[in-house]
Amino acid sequence: MVPLHKVPNFALGKVAQRSVTRVFFPRKYVQDAQATITQNEFEVIYDECLRPAIEELLPESTARWPISYRAALELYRCRNDGELGRLAVAMVELPWMILDQFSGSFLQRLADQNVVFRDAYFVHEVRGVKGASIHRLDDLPGAQSALDEMLDHLDLHAINDENWFIDVGLEIGRPDHVVTWFADGHELLLQNVLNRSSHQAVGKLMKSKKFKTDHMALLKDCAGFRAETTARIQDSDHVNYICAYCTEKNVHYQRHPGLYRYRRADELQIPEKHKKIIDDLNTMSETLAECSGTQGTLQTGSARLEVRVPLRQAITANRFFDERLLELTVVSIPAKTWW
16 MVPLHKVPNF ALGKVAQRSV TRVFFPRKYV QDAQATITQN EFEVIYDECL RPAIEELLPE
76 STARWPISYR AALELYRCRN DGELGRLAVA MVELPWMILD QFSGSFLQRL ADQNVVFRDA
136 YFVHEVRGVK GASIHRLDDL PGAQSALDEM LDHLDLHAIN DENWFIDVGL EIGRPDHVVT
196 WFADGHELLL QNVLNRSSHQ AVGKLMKSKK FKTDHMALLK DCAGFRAETT ARIQDSDHVN
256 YICAYCTEKN VHYQRHPGLY RYRRADELQI PEKHKKIIDD LNTMSETLAE CSGTQGTLQT
316 GSARLEVRVP LRQAITANRF FDERLLELTV VSIPAKTWW
């Protein structure tokens, strides 16, 4: 089975605020190599497939679409020194009633244009809804209500829920504390989630390359983990991926090259960069000091366990966590002490 993220793809558009629709090209996948979509291919996709599909189905809106891919790049590319090369893209909306026709026309044009574009398919991704779907562990109606609200913009009759997956999170917190995972409790956590698999199967998973431990602040006893399950476990427990971590990482987690970015050792050999490095360290220290309560507010952290399951399993997944398991897998540390 090929991991989805290794199949060349691009984001075609957004639905609502948090949903992204991507187009995947399985024929461009190359095993043990990083295949990408080239600029020339993007030009063909836009000029010969995307814009012609719009011209066919929604001719009155073509004035809002750039005349060509190259024209679009020049239109959206920033040229000021601070943001040189960055793209400030604009959105063009499509009415929902033509989406079915558009998807068919677009995919057919892709297939006709180039053999590597054949068998392309859409993947719909809903992200960033943790705070919008909170409910208590024992509140089944609340869980159903949160799920219904999250999927409100989808036509559930038009999708096959066998092909849809959802991350179901369980979060354990305590006021004024950082709650995280015991490294020695990982096997118990996995056995609790994968309760239909044998202890041998769980142990084998932990010893494989599919299991990765994430230690916190170089502490041996405190660690989360990430695990991609085997095909046999997926068949028995319907769980594809498991991730345990602590939300205290939100203090320093960045997806862009910002203050907490990875620093290269050779930066220390450049005297002109020393002052900037020292200033950044001071800024980090000030933030960590604030987290410990120097300004009157403590930064807490919760232990979070996420499992990826088929959509049909969303309500029943990750719902069983008793006090005994809590005692053996979780550690609670005063936030002032942690920071």
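Offset between the sequence shown (1-based) and this note's numbering: plus 15.
Cβ atoms here follow ideal geometry from the backbone N, Cα and C, with glycine treated the same way.
Model, not experiment: these values are computed from the prediction.
Cβ-based burial, residue i [other Cβ within 10 Å; buried from 16]
i: L233; result: exposed
i: I292; result: exposed
i: N297; result: exposed
i: W111; result: exposed
i: T244; result: buried
i: I60; result: buried
i: S212; result: buried
i: T195; result: buried
i: L204; result: buried
i: N55; result: exposed
i: T344; result: buried
i: H230; result: exposed
i: V45; result: exposed
i: V104; result: exposed
i: I181; result: buried
i: V38; result: buried
i: V107; result: exposed
i: A198; result: buried
i: G119; result: exposed
i: A68; result: buried
Distance, residue j Cα to residue i Cα
i: R339; j: N210; result: 16 Å
i: R151; j: F335; result: 12 Å
i: P81; j: V22; result: 28 Å
i: N265; j: T228; result: 18 Å
i: R189; j: E263; result: 13 Å
i: Y256; j: S160; result: 24 Å
i: K219; j: Q249; result: 14 Å
i: D236; j: A135; result: 46 Å
i: G157; j: N24; result: 35 Å
i: P325; j: H139; result: 14 Å
i: T309; j: G28; result: 44 Å
i: R133; j: L283; result: 49 Å
i: Y275; j: S300; result: 12 Å
i: Q215; j: R92; result: 54 Å
i: W353; j: T315; result: 9 Å
i: E70; j: F137; result: 21 Å
i: D167; j: F121; result: 26 Å
i: A11; j: A86; result: Residue 11 lies beyond the stretch modelled for the chain, which goes from 16 to 354, so this question has no answer here.
i: R241; j: V193; result: 20 Å
i: E287; j: R278; result: 15 Å
i: A238; j: M221; result: 14 Å
i: D295; j: S223; result: 38 Å
i: A26; j: I52; result: 12 Å
i: L88; j: P18; result: 30 Å
i: N333; j: H20; result: 24 Å
i: V208; j: V35; result: 29 Å
i: G200; j: S83; result: 56 Å
i: H289; j: I149; result: 44 Å
i: D47; j: P272; result: 27 Å
i: F226; j: Q206; result: 14 Å
i: L171; j: H267; result: 37 Å
Rounded distance between the beta-carbons of residue j and residue i, thought under 8 Å
i: V254; j: R323; result: 7 Å
i: E186; j: R319; result: 5 Å
i: K351; j: L313; result: 6 Å
i: A50; j: L162; result: Contact flag wrong, Cβ pair sits at about 35 Å.
i: L72; j: F117; result: 6 Å
i: E58; j: V183; result: Their Cβ separation, rounded to whole angstroms, is 41 Å, which puts E58 and V183 out of contact at 8 Å.
i: V130; j: R33; result: Actually they are not in contact, since the Cβ atoms of V130 and R33 sit about 34 Å apart, beyond 8 Å.
i: C261; j: S347; result: With 8 Å as the limit, C261 and S347 do not qualify as a contact, their Cβ atoms being about 11 Å apart.
i: L191; j: P349; result: It is worth fixing the name first, because residue 191 is Asp in this sequence and not Leu. Between P349 and D191 the Cβ distance is about 7 Å, and since that is below 8 Å, they are a contact.
For residue i, the residue or residues it bridges with in DSSP
i: L320; result: L185 and A259
i: I149; result: DSSP, once it has assigned bridges, lists no residue as partnering I149.
i: E140; result: V35
i: F240; result: T228 and A259
i: K29; result: V35
i: V194; result: S347
i: S362; result: The question about residue 362 has no answer here: the residues shown for the chain are numbered 16 through 354.
i: R92; result: L102
i: P325; result: F180
Near the ligand HEM: residue i beta-carbon under 7 Å from a heavy atom
i: V107; result: Ligands are entirely absent from the displayed structure, and the ligand HEM is therefore not among its contents.
Counting Cβ pairs closer than 8 Å, one from the segment 166-186 and one from the segment 72-86, do we hit at least three?
no
Is the segment 119-128 touching the segment 52-72 in the sense that three or more CB pairs, one from each, lie closer than 8 Å?
yes
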